[in-house]
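For the record, in the sequence shown the residue sitting at position 21 is 42 according to our numbering, with numbers rising by one throughout.
All C-beta atoms in this analysis are idealised placements derived from N, C-alpha and C, irrespective of residue type, glycine included.
Inspection log for the structure reproduced underneath, given as structure tokens.
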Amino acid sequence: MMDKLELQKLRDLPIEGVAERLGMQVVRHKSLCPFHDDHHSSMSFCTRRNTFRCFACGAHGGTIDLVMRRLNMGLKEACRWLGNESNVIPMDSFKIHDSGFESEDNMFDASRYEKYFEHPWLNDSARRFLFAERRLDERVVRWCRLTSWKDRRGVPWLQTPYYDREGRLTGVQNRNLVRGAWPRFRFPQGSECGIYNLPVLNLLRPGEPLYIAEGCSDCWALLSAGHKAIAIPSATPPIARTSASTI
């Protein structure tokens, strides 16, 4: 079982960072309450006590309570989610049971991440990176289902999903948005991040060119320019081109 020290680490995670990781937009210590039909930012965060409270519906608590209620999870599942997302407790290779932790193989748990890409949300750092620096078309960002989050230290990350041709989530790439920071990328346990943007192959017409880029960023740029493109982890030359008839 998780000991008191590990539980306290989870309770000490910045409450506003946890809220943003759950898809809530926090502005000046307030956000819309996700637990009722809120239109006036009724939820308030107390960073000194590391708690949340909605002054409309009465929802309140700490980090674990917020995850349990937002994701409709039990205590153990919420602790595991927090431990994995924050890297406070290395739980990626463990499964929680009544008797404690049990090892499991290194399979990618797509069900754990799919919900983040159903309603993508971009924080200010992600919007600057995608629209001001990369000058991407917003339609491309929506097509790629890019979303963002902040870790327990407040570091912003861009989260990029990888899908197979049938639209199944196979992996997730987390990109650090702080210039020069290390690590630059992080991948959840078992992520398969090989060829990127495979679903676009279903839109190709016979004889239509398909562009092959090196990395997601170059793929987004090609898509924004109106081309159909996929990306591989490395390529020489950086951008190649093929035809739909050869796929």
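Query, Result
"Bounding residues of the beta strand (DSSP E) (the contiguous stretch that carries V193)", "190 to 197"
"Buried or exposed by the 16-neighbour rule on C-beta atoms within 10 Å, applied to N132", "Checking the sequence, you will find Ser at residue 132 rather than Asn. Under this definition S132 is an exposed residue."
"Residue nearest to F138 in terms of C-alpha spacing, selected from H57, R148, P209, R163", "R163"
"Contact check, R42 vs E98, beta carbons under 8 angstroms", "no"
"Per-residue DSSP class, three states only, for W178", "strand"
"Cβ pair count under 8 angstroms reaching 3, the segment 164 to 172 against the segment 133 to 153", "yes"
"Expected contact under 8 angstroms - CB spacing of L219 and L225 to nearest Å", "In fact, because the Cβ distance is near 11 angstroms, the residues do not count as touching under 8 angstroms."
"Local conformation of P238 per DSSP, three classes", "This sequence places Ser at residue 238; Pro is not what is there. In the structure shown, S238 sits in a helix (DSSP, three-state: H, G or I)."
"Whether D172 touches W178 by CB criterion (8 angstroms)", "yes"
"Bridge partner(s) assigned by DSSP for H81", "R74"
"Beta-carbon proximity list for L26, same chain, < 7 angstroms, skipping 5 on both sides", "none"
"Whether L31 touches G104 by CB criterion (8 angstroms)", "yes"
"Supposed contact pair V199 and Y183 - C-beta distance, whole angstroms, cut 8 angstroms", "With 8 angstroms as the limit, Y183 and V199 do not qualify as a contact, their Cβ atoms being about 23 angstroms apart."
"Q46 versus S52 - alpha carbon distance", "6 angstroms"
"Whether E213 touches F129 by CB criterion (8 angstroms)", "yes"
"Closest Cα partner of I253 within the set C240, A246, G228, I216", "I216"
"Distance CB(H81)-CB(T72) smaller than 8 angstroms", "yes"
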